[in-house]
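Participant: Note that the numbering used here numbers the sequence shown so that position 226 is 241, with each residue one more than the last.
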Amino acid sequence: MHTPLILRSFLSLAVVATACMAHLPGHAQSDQQVERGFQEFLAGDYTAAIRTFDRIIQKNPNHAVALMNRCGAYTQLAEATADASYYEKAWNDCNRAIQIDPSLAIAYYNRCSIQLKLGDFSEAEKDCDRAIEKGPAFAPSYLNRCSAKVSLGQYQSALSDCNKALTLDAGLAMAHANKCAAKLNLGQLKDAFSDCNEAIKINPSLTIAYVNRGAISRALGDNKSAINDYTKAIKLQPTLAIAYGNRGNSLSDLGRYQEAIQDFDQAIQIAPNFANFYVNRAIARSGLGNEAEACVDLGKAASLGDQRASLLNAQFCQ
């Protein structure tokens, strides 16, 4: 590398929230076994809920509500165990429930949630559209469609959906967090900051609100406050790679390159295929004069498809 990288680390990343899974529709409340499974679900015992729904489905393979709620339980189990194979089971159950009873709004909502988790935001938006069409008073469907739209860059439309969700349920902290993310991306930093504050006021344990507020503070030049918020996020969720990556950016901005590298190391350990972390670690390493190691990181990021890294690699490492 002929010239040190005199660059600011790339923008901090914002994150969005999705609502929780299955809800029991009113017409099924009389079914005691379904109610039992649903209560097990609410208690967080997803394995027990699945067993209960299994028994119902064994007796009646066309029990759409049991299939729909087992879909929700499988989805939550996938998230709790980090085992993506449960998403396929959830998907199959929700599809079957919809085939049996196309009016089940929650089945579309659950399928929307699965696709959000898997990163298929366009299809998630379509399923949330269907959920809202069939159940227009269900706030989490608007929240999840808001999440999909933020991820797709449809920020103004996302704000409309999150506002609708809050009209239906004023206590949805995640809707405020998503509004914060949308406004951050629109450059409406002060309003975004207020939305993140409101999310934290409602739910002080909402990790993404701290991540997004930290990103706003960094954008406003207040890296010390940003670091404090990222540290809170890490305490709440120690495996959240984006919190380490964003904190690394703020540390790098302050010239604390060695600490920044430690955070990027941690982020990469959690998410080794995310190119942004390698690019920003390269900038921190360059700040310490470690040009050869910086070029290795740029090469890795370029191999992961990051065009910025390819340009920097060609400019500084050839």
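Quick reminder that beta carbons are idealized off the backbone N, C-alpha and C, glycines included.
What you are looking at is a predicted structure, and each value in this text was computed from that prediction instead of being measured.
How close, in whole Å, do the beta carbons of Y157 and K141 come, if the pair is a contact with beta carbons under 8 Å?
Facilitator: Against the sequence shown, residue 157 aligns to sequence position 142. Against the sequence shown, residue 141 aligns to sequence position 126. With 8 Å as the limit, Y157 and K141 do not qualify as a contact, their Cβ atoms being about 15 Å apart.
Participant: Kindly indicate the opening and closing residues of the alpha helix (DSSP H) around N288.
Facilitator: Position 273 of the sequence shown, counted from the start, is the residue given in the question as residue 288. It is not in any alpha helix (DSSP H) - N288 carries neither H nor E in the DSSP assignment.
Participant: Do A112 and A122 count as a contact pair if the criterion is CB distance below 7 Å?
Facilitator: Position 107 of the sequence shown, counting from 1, holds the residue named residue 122. Position 97 of the sequence shown, counting from 1, holds the residue named residue 112. Yes, the Cβ-Cβ distance between A122 and A112 is below 7 Å.
Participant: What are the boundary residues of the alpha helix (DSSP H) that G87 is part of?
Facilitator: Stepping through the sequence shown from its first residue, residue 87 is reached at position 72. A79 to T96 is the extent of the alpha helix (DSSP H) around G87.
Participant: Apart from the five residues on each side of it in sequence, which residues of its chain come closer than 8 Å, Cβ to Cβ, to N75?
Facilitator: Residue 75 sits at position 60 when you count from the first residue of the sequence shown. Cβ within range, chain order: A81.
Participant: Among A299, L251, T246 and Y259, which one has its Cα closest to the Cα of L269?
Facilitator: Position 254 of the sequence shown, counting from 1, holds the residue named residue 269. For L269, the nearest C-alpha among the options comes from A299.
Participant: Could you tell me which of T246, D206 and I71 sits nearest to I223, measuring between CA atoms?
Facilitator: As a first step, residue 223 is located in the sequence shown; it is residue number 208 there, counting from the start. Considering only T246, D206 and I71, the residue with the shortest C-alpha distance to I223 is T246.
Participant: Put A152 into one of helix, strand or coil per three-state DSSP.
Facilitator: Numbered from its first residue, the sequence shown carries residue 152 at position 137. Three-state result, A152: coil.
Participant: Hey, would you say S209 sits closer than 7 Å to R233, going by beta carbons?
Facilitator: For this step, residue 209 is matched to residue 194 along the sequence shown. For this step, residue 233 is matched to residue 218 along the sequence shown. No, these two residues do not count as a Cβ contact at 7 Å.
Participant: Can C109 and R126 be called in contact, C-beta distance under 7 Å?
Facilitator: Along the sequence shown, read from residue 1 onward, the residue named residue 109 stands at position 94. Along the sequence shown, read from residue 1 onward, the residue named residue 126 stands at position 111. Result yes, Cβ atoms of C109 and R126 sit closer than 7 Å.
Participant: Which whole runs of the alpha helix (DSSP H) in the region 224-311 are 4 residues long or more, in chain order?
Facilitator: 238-251, 256-268, 272-285 and 290-302
Participant: Quick test of your reading: D237 and R262, contact by CB under 8 Å. State the CB separation rounded to the nearest angstrom.
Facilitator: For the purposes of this step, residue 237 is taken as residue 222 along the sequence shown, with counting starting at 1. For the purposes of this step, residue 262 is taken as residue 247 along the sequence shown, with counting starting at 1. Their Cβ separation, rounded to whole angstroms, is 14 Å, which puts D237 and R262 out of contact at 8 Å.
Participant: Of the choices A163, G150, Y259 and H78, whose alpha-carbon is the least far from that of A241?
Facilitator: Sequence index remark: in the sequence shown, residue 241 carries index 226 (1-based). Considering only alpha carbons, the answer is Y259.
Participant: Helix, strand or coil: which one does DSSP assign to G168?
Facilitator: Position 153 of the sequence shown, counting from 1, holds the residue named residue 168. Of the three classes helix, strand and coil, the one that applies to G168 here is coil, per DSSP.
Participant: What residue from E94, A290 and A230 has the CA that sits closest to R323's CA?
Facilitator: For the purposes of this step, residue 323 is taken as residue 308 along the sequence shown, with counting starting at 1. Of the candidates E94, A290 and A230, the one whose C-alpha sits nearest the C-alpha of R323 is A290.
Participant: Using three-state DSSP, classify A146 as helix, strand or coil.
Facilitator: Counted from its first residue, the sequence shown places residue 146 at position 131. Three-state result, A146: helix.
Participant: For G320, which of helix, strand or coil comes out of DSSP?
Facilitator: For the purposes of this step, residue 320 is taken as residue 305 along the sequence shown, with counting starting at 1. Coil at G320, not helix or strand.
Participant: Distance check for N212 and L221, CA to CA, integer angstroms please.
Facilitator: Here residue 221 refers to the residue found at position 206 when the sequence shown is read from its first residue. Here residue 212 refers to the residue found at position 197 when the sequence shown is read from its first residue. Between L221 and N212, the C-alpha separation is close to 11 Å.
Participant: Can you look up S209 in the DSSP assignment and give me helix, strand or coil?
Facilitator: Within the sequence shown, residue 209 is the residue found at index 194, counting from 1. When secondary structure is reduced to three states using DSSP, S209 falls in the helix class.
Participant: If you follow the alpha helix (DSSP H) that A196 is in, where does it begin and where does it stop?
Facilitator: Residue mapping note: residue 196 aligns to position 181 of the sequence shown, counting from 1. Taken as a continuous stretch (DSSP letters only), the alpha helix (DSSP H) holding A196 covers A188 to L201.
Participant: Could you tell me if G229 is buried or exposed, where buried requires 16 or more neighbouring beta carbons within 10 angstroms of its beta carbon?
Facilitator: The sequence position of residue 229 within the sequence shown is 214, counting from 1. It is buried - the Cβ of G229 has at least 16 other Cβ atoms within 10 Å.
Participant: Rounded to whole angstroms, what's the CA-CA distance from F153 to A146? Just pull it up for me.
Facilitator: Taking the sequence shown and counting its residues from 1, the one referred to as residue 153 is at position 138. Taking the sequence shown and counting its residues from 1, the one referred to as residue 146 is at position 131. Rounded to whole angstroms, F153 to A146 spans 8 Å at the Cα level.
Participant: Take F331 as the anchor and find which of E94, V311 and A93 has the nearest alpha-carbon.
Facilitator: Translated into the one-based positions of the sequence shown, residue 331 becomes position 316. If we check each option's Cα against that of F331, V311 comes out closest.
Participant: Between which two residues does the alpha helix (DSSP H) holding L131 run?
Facilitator: For this step, residue 131 is matched to residue 116 along the sequence shown. Per DSSP, L131 belongs to the alpha helix (DSSP H) from A120 to L133.
Participant: Give a yes or no on whether the C-beta atoms belonging to M83 and L119 are separated by under 7 Å.
Facilitator: Mapped onto the sequence shown, residue 83 falls at position 68. Mapped onto the sequence shown, residue 119 falls at position 104. If you check the CB distance, M83 and L119 come in under 7 Å.
Participant: Could you tell me the boundaries of the alpha helix (DSSP H) in which Q54 lies?
Facilitator: Within the sequence shown, the letter at position 39 stands for residue 54. Run containing Q54: Q47 to L57, per the alpha helix (DSSP H) assignment.
Participant: If you draw a straight line from the alpha carbon of A99 to that of T90, how long is it in whole angstroms?
Facilitator: Against the sequence shown, residue 99 aligns to sequence position 84. Against the sequence shown, residue 90 aligns to sequence position 75. Computed Cα separation, rounded: 9 Å.
Participant: How about C177 and K194: are their beta carbons less than 7 Å apart?
Facilitator: One-based indexing of the sequence shown puts residue 177 at position 162. One-based indexing of the sequence shown puts residue 194 at position 179. Result yes, Cβ atoms of C177 and K194 sit closer than 7 Å.
Participant: To the nearest angstrom, how far is the alpha carbon of A248 from that of V226?
Facilitator: Your numbering for residue 248 matches position 233 in the sequence shown. Your numbering for residue 226 matches position 211 in the sequence shown. Spanning the two alpha carbons is a distance of roughly 6 Å.
Participant: According to DSSP, simplified to helix, strand and coil, what is Q333?
Facilitator: As a working note, residue 333 is residue 318 in the sequence shown. Residue state, collapsed to three classes: coil.
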